[in-house]
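Novice:
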Amino acid sequence: MVSVLLIPAKVLSKDLRLPLFAGSILLVLLVAVGVFSFGEKLPVLVIEGNGTTPLKNGMEYFVAFLNGISIVVSFKNYRKSKDAIYLNIMVAFFFMLTAELIFTQYLSLYSALHFSGHVIRAIGYFYILKGYYFSQIDADKRNEMKIAEARHELKTIMKEQHGLIFKIIKQGNEYKHTLFDGELLERLHLSREEVYGKTIQEVIPDSYPILLEKYRIAWEEGERVTFEFKHREYSLYVLLKPVFQGGKVIEVIGSVTDISKVKVLEETVRNNEKLGILGELAAGIAHEVRNPLTTLKGFLQLIKPEAGESNKMFIDLMLNEVNRIEMITEEFMSIARPQALIFKEENTYKIIEEVVHFMEPQSLLKGVQVHLYASAPSYPVVCEKNQLKQVFINLIKNALEAMPGGGNLYIMVKSNIGYNEISFVDEGIGIPEEVIQKLGQPFFTMKEGGHGLGLMMCNRIIEAHGGYTDIKSQVGMGTEFKIYLPMENKHSEEQRNIHNASI
Ligand code: ADP
Ligand code: MG
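When we follow this note's numbering, the leftmost residue of the sequence shown carries the number 1, and every step to the right adds one.
1. By DSSP, does S111 sit in helix, in strand, or in coil?
2. Rounded to a whole number of angstroms, what is the C-alpha to C-alpha distance between I503 and T294?
3. Where does R496 fall in DSSP's three states?
4. Excluding sequence positions up to five away, which residues of its chain have a Cβ less than 6 Å from the Cβ of A225?
5. How long is the line joining the alpha carbons of R496 and R460, rounded to whole angstroms?
6. Please report the residue range of the alpha helix (DSSP H) in which V475 lies.
7. Output the boundary residues of the alpha helix (DSSP H) element that contains K397.
8. Taking 7 Å as the line, does the beta carbon of G405 fall inside it for any heavy atom of the ligand MG?
9. Can E488 and V382 be called in contact, C-beta distance under 8 Å?
10. Taking Cβ positions, are L55 and L45 nearer each other than 8 Å?
11. For A22, list the residues DSSP reports as bridge partners.
12. Name the residue from R17, G172, H189 and L164 whose alpha carbon lies nearest to the alpha carbon of E179.
13. Have a look at E560 and T156 and give me their C-alpha separation to the nearest angstrom.
14. Can you tell me whether K513 is buried or exposed, with buried defined as 16 or more other CB within 10 angstroms of its CB?
15. Once you ignore the five residues that flank F126 on each side, which residues in its own chain have a CB closer than 8 Å to its CB?
16. May I ask which residues mark the beginning and end of the beta strand (DSSP E) holding I165?
17. Pull up the distance between the alpha-carbon of E353 and that of M359, whole angstroms please.
18. Reducing DSSP to helix, strand and coil, say where E510 ends up.
19. Round the Cβ separation of V256 and V249 to the nearest angstrom and send it over; I've been treating them as touching at under 8 Å.
20. Would the region 431 to 441 count as touching the region 461 to 477 if we require 3 or more Cβ pairs under 8 Å?
21. Starting from A84, trace the alpha helix (DSSP H) both ways and give me its first and last residue.
22. Taking only runs of the alpha helix (DSSP H) that begin and end inside the region 207 to 261, which ones reach a length of at least 4 residues, in chain order?
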């Protein structure tokens, strides 16, 4: 027992136990055989009525001494590991030691004292058994509890995991999900019960062929598979990892990550790149187109007085068209590298009036009546006039295009403390709720032939003026665009410097 206690737990492997046990039995048998065969020749240990001999006492003291060592060792072990097994062993050896001491004291083998020694020793054995046997059961129970705890923890982690974790196994010709959890589950409108133990076809029938093929590669070919996959409005990144046992795939662990945001970001970056290229192109084209336009316009104006009545009408038409081309090039130019910007105090109302006048031919052509309202004659604002003009032209253009059958466009200029409020209210087709969020994104257009840059440019210009825009719309009723423009632009000085530096 002492030697067993002294051997470190790790060294006492399972394989050593059987030889040790067999060895002890053999030893006991040898002693028994020895005693029965040579009993007469062995020294006397007990003299009935007189008690134990010194030899017997000496042997008992030696065993008691070993028991004492065992007590000390188990106590130390108990202090170290707090394992109940050592406490039981310690108590056991205490009883054994007591029994050994009793065995040096009795006078008769038939005395109560001798008998009580054996009872006490039996109690010692009981504690040894209890120590090993019951502690073993305790350990199992504790392990089970630990596993359950870990399992629970894992489940919580998985539930809170931003993506999704799942496991699949192959059953017959189908793949079944044996685990499916994660925060993404709710966002995908799937419940655990809906997927647990179900096949792909039962869970996401739309994507059955794609998923089946990927699952197959992971399972049959034992390959790690990654792929992107769209489900509802989500872009998902899926990783499948086969788990092997004895060279065979026993299950496939999968994880799903929501990469929708990354996708949107990628798209924006791509658009921005496009925008940069387009800006440079626009600058070149606008420059090239403007020069011949000036010539054209000049000559048209020159020959107009000499033309006959009917020709005059054509020349007017041509001049109108040339103006339109000029307007388009101007719109292009403003997307391109910024021109020299001059911020100074202007009258908002006057700028709008000019623009409305400028757009009159187009409005008439579309059968749109433009109504301009203002409560005061002057709305001072520190701005870059040409840029604001661009904004107003764009908004009027959008309004005209929204009313293909004609209608009314109301433009109202109001003054509040510190800022001007300009609203454009049309009676056009309106904008659906889900589209409104996308407005202002580069290249977002609902029109055939539209470029989807107008509103983006408007937003940029108004923001550069320290203001902001607001859109309200009802499909079939019309749209209201509001611009809030601070009278004094805190950024204007700064902005001017930046733009001047970049020119
Ligand atoms: P584009 O006019 O080239 O399409 P914009 O950025 O000017 O680009 O406008 C983007 C989209 O916003 C348009 O395609 C249109 O669907 C919508 N939109 C803008 N203004 C209006 C409006 N007043 N009424 C209805 N829809 C509008
Ligand atoms: Mg537009």
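Glycine included, each C-beta is placed from N, C-alpha and C at the ideal position.
Specialist: Reading from the atomic positions:
1. Mapped onto the sequence shown, residue 111 falls at position 111. S111 falls in the coil class under three-state DSSP.
2. Against the sequence shown, residue 503 aligns to sequence position 503. Against the sequence shown, residue 294 aligns to sequence position 294. Low confidence applies here, because I503 scores a pLDDT of 33, under 50, leaving its location unreliable and the question unanswered by this model.
3. As a working mapping, residue 496 is identified with position 496 in the sequence shown. Any reading at R496 must be qualified, since the residue scores a pLDDT of 48, below 50, and its modelled position is unreliable; no value is offered.
4. Walking along the sequence shown from the start, residue 225 turns up at place 225. Reading the sequence as shown, one finds Val at residue 225 and not Ala. If you ignore the 5 residues before and after V225, its C-beta comes within less than 6 Å of the C-beta of K214, I217, A218 and L240, all in its own chain and listed in chain order.
5. Within the sequence shown, numbered from 1, the residue matching residue 496 stands at position 496. Within the sequence shown, numbered from 1, the residue matching residue 460 stands at position 460. Per-residue confidence for R496 stands at a pLDDT of 48, beneath the threshold of 50, marking its modelled position as unreliable; the derived number appears in the next sentence. When rounded, the separation of the alpha-carbon atoms in R496 and R460 is 15 Å.
6. For the purposes of this step, residue 475 is taken as the residue at position 475 of the sequence shown. Segment: none, V475 is in no alpha helix (DSSP H) and carries neither H nor E.
7. If you number the sequence shown from 1, residue 397 lands on position 397. Segment K385 to A402, the alpha helix (DSSP H) holding K397.
8. As a working note, residue 405 is residue 405 in the sequence shown. Incorrect: G405 has no Cβ contact closer than 7 Å to the ligand MG.
9. Translated into the one-based positions of the sequence shown, residue 488 becomes position 488. Translated into the one-based positions of the sequence shown, residue 382 becomes position 382. E488 places its beta carbon less than 8 Å from that of V382.
10. Walking along the sequence shown from the start, residue 55 turns up at place 55. Walking along the sequence shown from the start, residue 45 turns up at place 45. One thing to note: L55 has its Cβ within 8 Å of the Cβ of L45.
11. To locate residue 22, count along the sequence shown from 1; it is residue 22. Its beta-bridge partners do not exist; DSSP assigns none.
12. If you number the sequence shown from 1, residue 179 lands on position 179. Correcting the residue identity first, residue 179 is Leu in this sequence and not Glu. Out of R17, G172, H189 and L164, the CA that lies nearest to the CA of L179 is found in L164.
13. Residue 560 lies beyond the stretch modelled for the chain, which goes from 1 to 503, so this question has no answer here.
14. Outside the shown range of the chain (1 to 503) lies residue 513, about which nothing can therefore be said.
15. Locating residue 126 in the sequence shown gives position 126, counting from the first residue. In chain order, A92 place their CB closer than 8 Å to the CB of F126, counting only its own chain and leaving out the 5 sequence neighbours on each side.
16. Taking the sequence shown and counting its residues from 1, one reaches residue 165 at position 165. Judged by DSSP secondary structure, I165 falls within the beta strand (DSSP E) whose first and last residues are L164 to Q171.
17. Position 353 of the sequence shown, counted from the first residue, corresponds to residue 353. Position 359 of the sequence shown, counted from the first residue, corresponds to residue 359. Taking the straight line from one Cα to the other gives about 10 Å.
18. What is shown of the chain runs 1 to 503, which leaves residue 510 out entirely.
19. Sequence index remark: in the sequence shown, residue 256 carries index 256 (1-based). Sequence index remark: in the sequence shown, residue 249 carries index 249 (1-based). Cβ-Cβ separation between V256 and V249: approximately 20 Å, too far for a contact (criterion under 8 Å).
20. With a cut-off of 8 Å, the region 461 to 477 and the region 431 to 441 count as touching, because enough Cβ pairs lie within range.
21. Residue 84 sits at position 84 when you count from the first residue of the sequence shown. Its alpha helix (DSSP H) spans residues A84 to I102.
22. Runs of the alpha helix (DSSP H) inside the region 207 to 261: 208 to 220.
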